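The letter at position 207 of the sequence shown is residue 341 when you use our numbering, and the numbering goes up by one with no holes.
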Amino acid sequence: LDSGEVDVGETIRFGFYEQQGIQIPGDLRVMEYVNSVVQEHDFELTGLQLLERFQFQKAHHFTFIDRLSGGEKRRLQLLTVLAKNPNFLVLDEVTNDLDLETVEVLEDFLMDYTGVLVIVSHDRIFMDRLTNHLFVFEGDGIVKDFQGTFTEYLEFKRTQELKELSEAQASRRAEEQLSWSQQKSDSSARSKAEVKTSDRKLSYNERREYNRIEGEIEKLQEKVDEVNIKLADTSLGYSELSDYTEQLAELTASIDSKTERWMELAEIAGE
Numbered sequence: 135l136d137s138g139e140v141d142v143g144e145t146i147r148f149g150f151y152e153q154q155g156i157q158i159p160g161d162l163r164v165m166e167y168v169n170s171v172v173q174e175h176d177f178e179l180t181g182l183q184l185l186e187r188f189q190f191q192k193a194h195h196f197t198f199i200d201r202l203s204g205g206e207k208r209r210l211q212l213l214t215v216l217a218k219n220p221n222f223l224v225l226d227e228v229t230n231d232l233d234l235e236t237v238e239v240l241e242d243f244l245m246d247y248t249g250v251l252v253i254v255s256h257d258r259i260f261m262d263r264l265t266n267h268l269f270v271f272e273g274d275g276i277v278k279d280f281q282g283t284f285t286e287y288l289e290f291k292r293t294q295e296l297k298e299l300s301e302a303q304a305s306r307r308a309e310e311q312l313s314w315s316q317q318k319s320d321s322s323a324r325s326k327a328e329v330k331t332s333d334r335k336l337s338y339n340e341r342r343e344y345n346r347i348e349g350e351i352e353k354l355q356e357k358v359d360e361v362n363i364k365l366a367d368t369s370l371g372y373s374e375l376s377d378y379t380e381q382l383a384e385l386t387a388s389i390d391s392k393t394e395r396w397m398e399l400a401e402i403a404g405e
């Protein structure tokens, strides 16, 4: 949205960590700054406890903020947002530029967080540990509301794609079956109406193949119907759906091949 209004409740305390970071006075010492934030917002941990939890070495506690490394400044910015004791926390790509240990500390901290947590992220592992309700932006103005983790959403999406593929293949198979039946009827009618100009006859083996191939096609079609019924089961997992979809593709290919062969033999037989 480009514009709009938000009605904020009286008890809401926002905390917002943005990608660009937040401004922190560089002329203050780390401990001095953190203590001031903790005291101002009545945070449950002391400044020392917070610094230790986010892995600031004691040698840096009284370092001027301007002298911290880039990664340390990012940790301090994150710590600042959390120390303001928000009950509605928004984290925008928070794992960018954080080392693995800091991310793990943050995850542990947020697991105990009791407020509303909104995460904007491309970090699948981070989201899986902390979220159970997703708004997925798929492009072209499409936003999906999904109850579950990101991994569960990917599995759900893949399941839907497999079902759509299965339905499309089933539809195509039905159209081909109808076309095959029509071609069979046309071939028979044409053979009866035309005078044969070729002396080519089916061999003994070709006649046997011709007599059984239609039954083989019908049996394959029955298997296709069985697989489609299984694919309609919403309780199937990703692995099962993948296996059944592969079976469907193989069966469809076999039917196409046998149908083509039947047409070839039918022309020779003049039936």
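Just so you know, even glycine gets a beta-carbon here, dropped at the ideal spot from N, CA and C.
Small disclaimer: the values here were computed from a predicted structure and weren't measured.
Buried versus exposed call for residue 294 [16 or more other C-beta atoms within 10 Å across all chains shown]: exposed
Closest Cα partner of residue 216 within the set 150, 268, 269 and 357: From the listed residues 150, 268, 269 and 357, the smallest Cα separation to residue 216 is found for 150.
Those residues which DSSP pairs with residue 267 across a bridge: 281
Same chain only: Cβ atoms within 8 angstroms of residue 207, ignoring 5 sequence neighbours per side: 155, 158 and 199
Buried or exposed (CB count within 10 angstroms, at least 16 for buried), residue 249: exposed
Cross-strand partners of residue 226 (DSSP beta bridge): 254
Same chain, Cβ closer than 8 angstroms to residue 233, neighbours up to 5 away in sequence not counted: 205
Any 3 or more C-beta pairs closer than 8 angstroms across the region 377-397 and the region 349-356: Touching, yes, given that three or more Cβ pairs across the two stretches are closer than 8 angstroms.
Continuous beta strand (DSSP E) assignments of at least 3 residues falling wholly in the region 181-252: Annotation: the region 181-252 contains the following complete segments of the beta strand (DSSP E) (minimum length 3 residues), in chain order: 222-226.
Contacting residues, own chain, Cβ-Cβ under 7 angstroms from residue 331 (five flanking each side not counted): Confidence is the limiting factor: at residue 331 the pLDDT is only 43, short of 50, which leaves the residue's position unreliable, though a coordinate-based value still follows. Answer for residue 331: no residue qualifies.
Range of the contiguous beta strand (DSSP E) that encloses residue 138: Premise fails: residue 138 is in no beta strand (DSSP E) and is neither H nor E.
DSSP-derived helix/strand/coil call for residue 306: Here residue 306 sits in helix by DSSP.
Local conformation of residue 346 per DSSP, three classes: Residue 346 sits in a helix when the DSSP states are folded into three classes.
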